[in-house]
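K.L.:
There are 2 protein chains.
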Amino acid sequence: MSTFTAINLVARPVPGPIGADLFEVVTKTIPTAGPGQILVKQTHMSLDPAMVGWMSPDPESYIPPVGLGEVMRSAGIGEVVESNHPDFTVGERLTGMMGWTEYLLTTGEGLRKVQPGLDEEMVLSIFALPGLTATQGFFGFGNPKAGETIVITGGAGSVGSIVGQLAKAEGLNVIGVSGSEEKCDWMINDLGFDGVINYKTDDIDAKLTALAPKGVDIYFENTGGPIQNHVINHMNAHGRAVVCGMISDYNAQTPSAGPNWIPIIKKRITVQGFAMPDHFGQLPELIGKLTPYVMQGKIKYRSHVLNGLESSIDGLNLLLTGGNKGKLIVKL
Amino acid sequence: MSTFTAINLVARPVPGPIGADLFEVVTKTIPTAGPGQILVKQTHMSLDPAMVGWMSPDPESYIPPVGLGEVMRSAGIGEVVESNHPDFTVGERLTGMMGWTEYLLTTGEGLRKVQPGLDEEMVLSIFALPGLTATQGFFGFGNPKAGETIVITGGAGSVGSIVGQLAKAEGLNVIGVSGSEEKCDWMINDLGFDGVINYKTDDIDAKLTALAPKGVDIYFENTGGPIQNHVINHMNAHGRAVVCGMISDYNAQTPSAGPNWIPIIKKRITVQGFAMPDHFGQLPELIGKLTPYVMQGKIKYRSHVLNGLESSIDGLNLLLTGGNKGKLIVKL
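First to last, the protein sequences are chains A and B. Anchor point for the first sequence: position 152 equals 152 in my numbering, and the numbering is continuous, going up by one each time. Anchor point for the second sequence: position 32 equals 32 in my numbering, and the numbering is continuous, going up by one each time.
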C-alpha cells in the first residue's frame with residue numbers, strides 16, 4: 001500500500017510570520033477511484049497571497065475560510081492517474097483548486113483541462129489566479145485608456161507583473177512599485193515598464209512627480225502600506241483605485257491606516273475592491289481576453305520554484321515579505 | 001447714489017475656526033444694467049459645507065478656488081430689479097451662484113428662474129445644492145434597493161436629511177448619525193428615520209449591530225472622522241460608500257486617517273467620491289427625479305436663518321462645528 005503526504009490547517013494565524021505549528025503534515029494511503037471518480041496526482045502547486053486570507057475566519061469574506069483539520073486550500077496542476085469518469089482519461093492534465101496534497105480523489109468538478117504542450121509553470125503563472133485576476137482587475141475595473149498612467153504596487157508580483165504588461169500593450173504609461181532593486185530592474189529591463197519606484201529607498205513623491213508628470217489615472221493596489229497616501233495625492237480627477245491585495249497588512253500586528261477621504265471627493269476617485277470568486281462565472285471570457293496578449297509574446301513571467309509539499313509552509317512567508325522572485329510554485 | 005455691501009475673500013483659511021480676517025467687507029455703488037444685462041437684488045443666500053473647500057487653492061479640486069480679492073462664492077435667490085435682457089423681466093426671481101453680495105450685475109447665464117409661489121427657504125433647502133446633491137449621490141451612486149440598510153453621517157444636515165427621506169420613501173432601513181441629541185430627535189421624530197446614532201455619546205458598534213442587524217449596504221458619508229472605521233466594519237459584501245462630504249476634516253489641523261483597505265477587498269466595497277459640478281449637465285433630470293417626492297410631501301426640511309450679509313462669516317463656523325440646526329440660510 002503506497003502512501004502520500006497532505007498538509008492540514010490546524011490553527012489560525014496570528015500577526016507575524018506564519019509558523020509550522022499552524023499545520024499538520026499527514027501521511028495517507030493512496031485511495032482508489034470509486035464510480036464517477038478520478039484520482040489526480042498533483043505535480044505543481046501555486047502559492048498565492050490570497051491564501052493568507054483563506055486561513056483566517058472572517059464571516060464577511062468572499063470565500064469561507066479553510067476549516068481547521070482540513071487540507072489547506074490552493075490551486076494546482078495534476079495528472080489523472082486513474083479514471084472511472086467518462087469525461088476524463090488517464091494522462092490528462094487538470095488545473096483548479098487541489099489543495100496541499102500529493103493526491104486527490106475528485107469527480108473533476110471545478111477542474112479544467114490543461115491544453116497539451118503548455119508548460120505547467122506558465123499555466124499557473126498566467127492562466128490561473130494571477131492572470132485572471134490581472135485581466136479582471138485591469139480591464140474590468142481599471143477602465144484603461146491609451147495614454148493614461150497606471151501605478152502598480154507589487155508591480156513585480158504575480159498579478160502586478162501581468163497588469164503592467166497588459167497596460168504596456170494597451171499604450172499606458174506604466175509605473176511599477178517594489179521594495180527591491182532586483183525586482184525594479186526586472187520590471188524595467190525585462191517587462192518594459194516605463195518607470196519603477198523602490199518604496200524602501202526612493203523619495204516616492206519626487207519619483208511620482210517625475211514618472212507621472214500628468215498625474216496617475218489608475219492605481220492598481222496589491223500591497224497597501226504608506227505608499228497609498230502618496231499615490232492618492234498624485235491621482236487625477238476621476239481616477240480609479242483598483243484594490244486587489246493588501247499583502248503588507250494581512251499579517252501585520254496593526255494594519256496601517258488608510259488615506260483620508262478628502263482627495264476621494266475632490267478628485268471624484270473610485271476605490272473598488274474586488275476578489276476573483278465573484279468572477280469565476282466569467283473565466284472563459286477572461287481567458288479569451290488574456291490569450292491574445294500571451295500568444296503575441298507580450299506577457300512574460302518568471303517562476304520561483306520550491307521543491308516538495310512541505311516547502312509550502314515557509315513559502316507563505318516569502319509572499320508576506322516579498323522575498324519571492326516570480327510566481328511562487330511548489331513542485332511536488 | 002445708493003450703495004450695497006459685498007464680501008471678498010482676501011486670505012486663505014488655516015486649520016481651526018474661520019476668522020473674520022479672511023474677508024473684507026466692501027461698500028459699492030449699486031450699478032446700472034448695461035445692454036444684455038440684468039441687475040439682481042439677492043434676497044437669500046445659501047451657506048453650504050462645500051464653500052469651505054472653495055476657499056482653499058487645490059489644483060486638483062473639481063472647481064477653481066475663489067480668487068483672493070474676489071467676492072466669496074455662494075448660491076442664492078434674488079429678484080430682477082432692472083433688465084436689459086429679453087429673457088428676464090423685473091420682478092422675476094432667479095437662483096444660482098450669486099456670491100456674497102447684495103446686488104449683482106449679470107447676463108443671467110447659469111441662473112434659473114424660480115417658479116412663482118415657491119418659498120425661498122424651501123428652494124435653497126431642497127431644489128438647490130442640498131437636494132440635487134442628495135438625489136445624485138443616493139440614486140446615481142448609492143444604487144439603492146428596497147430592504148437595504150443605509151447609514152448617513154451628517155444625517156440631520158442639509159444633504160443627509162434629504163438622502164434619508166429619499167431612502168425611507170424607497171423602502172430602506174435608514175440610520176442617521178449626528179453629534180447632537182436634538183438632531184437625533186429630529187431625525188427620528190420628524191424625518192421618520194428608523195434609527196439614529198449619536199457618535200459623541202453612543203457605543204457606535206453596539207448601535208450599528210442593533211440598528212443594522214443585516215449589515216450596512218450603503219454608507220452615505222458627509223462628515224468623515226472615526227465613525228468611518230465602524231461603518232466599514234459593518235458593511236455588507238458589495239456595499240457602496242458614497243463620499244459626499246468630509247466636513248469634520250476640512251479645517252482640521254490633521255485630517256483623520258481613513259480606514260484600512262482590507263475590508264474593501266474582502267467585501268468588494270465601492271468607495272465613490274463625487275462632486276456636483278460634474279453633474280450640472282443633469283440638473284433637469286435631477287430636479288425631475290426629486291420633484292415627485294417633494295410633491296408627495298415626503299421631503300421635510302428646516303432652515304436655520306441668519307440675518308444680514310456679514311453673518312455669513314460666522315455661519316461657516318456653524319457648518320464646521322455642526323452648530324446649525326437645519327439648512328443654513330442668510331437672509332439679506
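Virtual Cβ for every residue (Gly too), placed ideally from N, Cα, C. Since this is a predicted model, take the numbers as computed values, not measurements.
For Val214 (chain A) versus Asn236 (chain A), is the C-beta distance shorter than 9 Å?
P.N.:
Inspection of the sequence shows that residue 214 (chain A) is occupied by Lys rather than by Val. Yes.
K.L.:
Name, going along the chain, the residues of the segment 247-279 of chain B whose beta-carbon falls closer than 7 Å to a beta-carbon of chain A.
P.N.:
If the cut-off is 7 Å between Cβ atoms, the segment 247-279 of chain B has Asp249, Pro255, Ser256, Ala257, Gly258, Pro259, Asn260, Trp261, Ile262, Ile264, Ile265, Lys266, Lys267, Arg268, Ile269, Thr270, Val271, Gln272, Gly273, Phe274, Ala275, Asp278 near chain A.
K.L.:
In terms of residue numbering, what span does the alpha helix (DSSP H) encompassing Pro160 (chain B) cover?
P.N.:
Looking at the sequence shown, residue 160 (chain B) is not Pro but Gly. First-last of the alpha helix (DSSP H) with Gly160 (chain B): 160-169.
K.L.:
Would you kindly report the start and end of the unbroken beta strand (DSSP E) that includes His44 (chain B)?
P.N.:
It spans 38-46 - the beta strand (DSSP E) in which His44 (chain B) sits, taken as one unbroken run.
K.L.:
Less than 9 Å between the beta carbons of Glu82 (chain B) and Leu39 (chain B), yes or no?
P.N.:
Yes, the Cβ-Cβ distance between Glu82 (chain B) and Leu39 (chain B) is below 9 Å.
K.L.:
Indicate the three-state DSSP secondary structure (helix, strand or coil) for Gly78 (chain A) in the structure shown.
P.N.:
It is a strand residue.
K.L.:
Use the C-beta contact count for Ala275 (chain B): other C-beta atoms within 10 angstroms, 16 or more gives buried, fewer gives exposed.
P.N.:
Label assigned to Ala275 (chain B): buried.
K.L.:
Any beta-carbon of chain A closer than 9 Å to the one on Glu221 (chain B)?
P.N.:
It does; some Cβ of chain A falls within 9 Å.
K.L.:
Counting only beta-carbon atoms, is Gln115 (chain B) nearer than 9 Å to chain A?
P.N.:
Cβ-Cβ to chain A under 9 Å: no for Gln115 (chain B).
K.L.:
What residues in its chain sit with their C-beta under 6 Å from that of Leu306 (chain A), if we drop five residues either side in the sequence?
P.N.:
Result list for Leu306 (chain A): Gly315, Val330, in chain order.
K.L.:
Is DSSP giving Asp202 (chain B) helix, strand or coil here?
P.N.:
Looking at Asp202 (chain B) - three-state DSSP - the assignment turns out to be coil, as it is neither helix nor strand.
K.L.:
Any residues in the segment 152-164 of chain A with a beta carbon nearer than 9 Å to a beta carbon of chain B? Which ones, in chain order?
P.N.:
Within the segment 152-164 of chain A, no residue qualifies.
K.L.:
Ser61 (chain A) versus chain B: which residues are under 7 Å apart at the beta carbon?
P.N.:
Per Cβ cutoff of 7 Å: Lys266.
K.L.:
For Asn251 (chain B) versus Pro57 (chain B), is the C-beta distance shorter than 9 Å?
P.N.:
The answer is no: Cβ separation not under 9 Å.
K.L.:
Taking C-alpha atoms, which residue in A:Thr135, A:Leu191, A:Tyr293, A:Met246 lies nearest to His279 (chain A)?
P.N.:
Nearest option by C-alpha distance: A:Thr135.
K.L.:
With burial defined as no fewer than 16 other Cβ atoms inside 10 Å of the residue's Cβ, what is the status of Pro64 (chain B): buried or exposed?
P.N.:
Its Cβ having fewer than 16 others within 10 Å, Pro64 (chain B) is exposed.
K.L.:
Can you list, in chain order, the residues of its chain with a C-beta nearer than 7 Å to that of Val114 (chain A)? Leave out the 5 residues immediately preceding and following it.
P.N.:
Closer than 7 Å at the Cβ level, and outside the excluded window around Val114 (chain A), lie Ile77, Arg93, Leu94, Thr95, Val123.
K.L.:
Based on DSSP bridge pairs, tell me the residues matched to Phe23 (chain A).
P.N.:
A:Leu9, per the DSSP bridge assignment.
K.L.:
Chain A beta carbons: is any one of them nearer than 9 Å to that of Gly58 (chain B)?
P.N.:
It is worth fixing the name first, because residue 58 (chain B) is Asp in this sequence and not Gly. Taking Cβ atoms only, chain A reaches closer than 9 Å to Asp58 (chain B), which makes this a yes.
K.L.:
Taking Ala212 (chain A) as the query, report the chain B residues whose CB atoms sit under 9 Å from its CB, ordered along the chain.
P.N.:
Ordered by position in chain B, no residue passes the 9 Å Cβ test against Ala212 (chain A), which lies about 13 Å from the chain.
K.L.:
Ala210 (chain A) to Asp217 (chain A), Cα distance in whole Å?
P.N.:
The alpha-carbon atoms of Ala210 (chain A) and Asp217 (chain A) are separated by roughly 15 Å.
K.L.:
Going by the beta-carbon positions, is the gap between Ala169 (chain A) and Lys298 (chain A) smaller than 9 Å?
P.N.:
Against a cut-off of 9 Å, the Cβ pair of Lys298 (chain A) and Ala169 (chain A) comes out as a contact.
K.L.:
Which residue from B:Ile126, B:Val294, B:Tyr293, B:Gly326 puts its Cα closest to that of Ser303 (chain B)?
P.N.:
Nearest C-alpha to Ser303 (chain B): B:Gly326.
K.L.:
What are the complete alpha helix (DSSP H) segments, minimum 4 residues, inside the segment 186-230 of chain B?
P.N.:
Runs of the alpha helix (DSSP H) inside the segment 186-230 of chain B: 204-211.
K.L.:
For chain B, check one thing: does any of its Cβ atoms lie closer than 9 Å to the Cβ of Ala134 (chain A)?
P.N.:
No, Ala134 (chain A) lies away from the interface with chain B (no Cβ there is under 9 Å from its Cβ).
K.L.:
Any chance the segment 253-261 of chain B sits against the segment 257-271 of chain A, with 3 or more Cβ pairs inside 8 Å?
P.N.:
A contact exists between the segment 253-261 of chain B and the segment 257-271 of chain A.
K.L.:
For Gly160 (chain A) and Gly142 (chain A), what's the separation of their Cα atoms in angstroms?
P.N.:
Going from the Cα of Gly160 (chain A) to the Cα of Gly142 (chain A) covers about 13 Å.
K.L.:
What are the complete beta strand (DSSP E) segments, minimum 3 residues, inside the segment 252-281 of chain A?
P.N.:
Counting only runs of 3 or more, we get 270-273.
K.L.:
Quick check on DSSP: helix, strand or coil for Met97 (chain A)?
P.N.:
Three-state result, Met97 (chain A): strand.
K.L.:
How about Gln228 (chain A): is its C-beta nearer than 9 Å to some C-beta of chain B?
P.N.:
Yes - at least one Cβ of chain B is within 9 Å of the one on Gln228 (chain A).
K.L.:
Could you say which of B:Gly245, B:Met51, B:Leu290, B:Val25 lies nearest to Gly131 (chain B) if we only look at CA atoms?
P.N.:
Residue B:Leu290 is the option with its Cα nearest to Gly131 (chain B).
K.L.:
Assuming Ser74 (chain A) and Met45 (chain A) make a contact with CB atoms under 8 Å, what is their CB distance in whole Å?
P.N.:
Indeed they touch by this definition, with Cβ atoms about 5 Å apart.
K.L.:
Just to confirm, are Gln42 (chain A) and Tyr103 (chain A) a CB contact at a threshold of 9 Å?
P.N.:
Their beta carbons are under 9 Å apart, which means Gln42 (chain A) touches Tyr103 (chain A) by this criterion.
K.L.:
Is Gly147 (chain A) closer than 9 Å to Gly176 (chain A) when the C-beta atoms are compared?
P.N.:
Contact flag unset, no.
K.L.:
Taking 9 Å as the CB-CB cut-off, is Val216 (chain B) touching chain A?
P.N.:
No, Val216 (chain B) does not count as interfacial toward chain A.
K.L.:
Is the beta carbon of Ile150 (chain B) sitting closer than 9 Å to the one on Tyr199 (chain B)?
P.N.:
Result no, Cβ atoms of Ile150 (chain B) and Tyr199 (chain B) do not sit closer than 9 Å.
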